[in-house]
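See structure below.
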Amino acid sequence: MKPLIVANWKMNPNTLAEVREILSEVKAGIKDLKGVEIVICLPYIYLPYWPEFFRKNERKIRLGAQDCFWKEKGAYTGEISALMLKNLGCEYVILGHSERRKYFGETEEMINKKIKAALKVKLKPILCIGETVEAREQGKTFKILEEQLESAPKGILNSIIIAYEPVWAIGTGNPCGISEARKANLFIRKILSQSLNSLTPLLLYGGSVNSENAIFYIKEAGFSGLLVGGASIIPKEFIKIVKNLERA
Ligand code: PGA
């Protein structure tokens, strides 16, 4: 299976001109791409501009969003539904990102409703799980991962992508060591297959991924792909990550 690279642009950049610049450079840099799958998760307001860059039949890079609401439409000021995203051409949606849990109080219950709403319209959810620095220091990493996995809606784990993102590694420049990431990977796969009876074909790693470390999460830690934040809006760096993984 080809590695999957998901770019999470977060709340960047501030102008459409910059979006155009980044996407043009990325597009040119990965022209001959074969061995990897790429998804770019843009801020909502830039999603409608996607067809400027990638035509529908040009399947090299797919479009994703960074969140969605669980209702299809109605009086929910400021929210965006999964169906709206689908209608704009999105195929993926990141859900339960630690920044949403932390800054917007998202609970497992809210995340579960979002997962169901996404699946209903055939958007592929990328569910983020991972321990905080406190949990890690108290030796509770596996307990947290198990709780997060077990609270996901039953029977859907085969249809979603899971991203292991240790919270302490996100945006800190302090990536999870390869052997620690490998242990988490094995643990997640064990829980999924033993207690949840799921195969999880796709398990991503995210947290301070860069062009130096990217390959090791695939080759040595056994992940099927990466969720890349900061490095994904630096075209040269992102292209390097893609090319390194292509050679994997
Ligand atoms: P980072 O972000 O690569 O900047 O650490 C990853 C993420 O938040 O998904």
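Everything in the sequence shown is counted per the working numbering, starting at 33 for the first residue and increasing by one. Beta carbons: idealized from backbone N, C-alpha and C, even for Gly.
Residue j beta carbon less than 8 angstroms from that of residue i
{"i": "Leu-234", "j": "Gly-257", "result": "yes"}
{"i": "Val-125", "j": "Ile-158", "result": "yes"}
{"i": "Ile-247", "j": "Ile-192", "result": "no"}
{"i": "Trp-41", "j": "Ile-265", "result": "yes"}
Residue nearest to residue i in terms of C-alpha spacing, selected from the options
{"i": "Glu-182", "options": "Leu-218, Gln-170, Glu-141 and Leu-155", "result": "Glu-141"}
{"i": "Thr-204", "options": "Gly-238, Ile-210 and Ile-193", "result": "Gly-238"}
{"i": "Lys-275", "options": "Glu-138, Gly-61, Ile-147 and Tyr-81", "result": "Gly-61"}
{"i": "Leu-207", "options": "Tyr-108, Cys-122 and Ser-243", "result": "Position check: residue 207 holds Pro in this sequence, whereas Leu was assumed. Comparing Cα-Cα distances from Pro-207 to each of Tyr-108, Cys-122 and Ser-243, the minimum goes to Ser-243."}
{"i": "Leu-236", "options": "Glu-84, Thr-47, Glu-53 and Gly-162", "result": "Gly-162"}
{"i": "Arg-168", "options": "Glu-212, Arg-132, Gly-137 and Gly-128", "result": "Glu-212"}
{"i": "Arg-279", "options": "Ser-264, Lys-251, Ser-130 and Lys-186", "result": "Lys-251"}
{"i": "Lys-215", "options": "Gly-187, Leu-231, Ile-188 and Leu-177", "result": "Leu-177"}
{"i": "Asn-144", "options": "Phe-136, Gly-128 and Arg-132", "result": "Gly-128"}
Span separating the alpha-carbon of residue i from that of residue j
{"i": "Asn-245", "j": "Val-260", "result": "12 angstroms"}
{"i": "Leu-117", "j": "Ala-97", "result": "7 angstroms"}
{"i": "Asn-229", "j": "Leu-218", "result": "15 angstroms"}
{"i": "Ile-104", "j": "Lys-134", "result": "Reading the sequence as shown, one finds Glu at residue 104 and not Ile. Straight-line Cα distance between these residues: approximately 24 angstroms."}
{"i": "Met-33", "j": "Val-71", "result": "15 angstroms"}
{"i": "Ala-49", "j": "Leu-79", "result": "14 angstroms"}
{"i": "Tyr-295", "j": "Ile-210", "result": "Since the displayed the chain opens at 33 and closes at 280, residue 295 lies outside it and no answer follows."}
{"i": "Gln-180", "j": "Glu-166", "result": "16 angstroms"}
{"i": "Gly-173", "j": "Val-241", "result": "The residue you asked about is not Gly; residue 173 is Thr in the sequence shown. Thr-173 and Val-241: Cα-Cα distance of roughly 20 angstroms."}
{"i": "Lys-154", "j": "Glu-123", "result": "8 angstroms"}
{"i": "Gly-106", "j": "Cys-100", "result": "14 angstroms"}
{"i": "Ile-93", "j": "Glu-69", "result": "7 angstroms"}
{"i": "Ala-39", "j": "Thr-109", "result": "27 angstroms"}
Presumed contact (8 angstroms Cβ cut-off) between residue i and residue j, rounded CB distance
{"i": "Ala-150", "j": "Ala-114", "result": "5 angstroms"}
Reduced DSSP secondary structure (H/G/I, E/B, other) of residue i
{"i": "Glu-184", "result": "Residue 184 is actually Ala in this sequence, not Glu. The answer is coil: DSSP assigns Ala-184 none of H, G, I, E or B."}
{"i": "Ile-72", "result": "strand"}
{"i": "Arg-94", "result": "strand"}
{"i": "Leu-193", "result": "The sequence given here has Ile at residue 193, not Leu. If DSSP states are grouped into helix, strand and coil, Ile-193 belongs with the strands."}
{"i": "Ser-113", "result": "strand"}
{"i": "Gly-238", "result": "strand"}
{"i": "Ala-253", "result": "coil"}
{"i": "Ile-271", "result": "helix"}
{"i": "Lys-146", "result": "helix"}
{"i": "Val-58", "result": "helix"}
{"i": "Phe-86", "result": "coil"}
Residue i CB to nearest heavy atom of the ligand NAD below 7 angstroms
{"i": "Ala-263", "result": "This structure lacks the ligand NAD; its bound ligands are the ligand PGA."}
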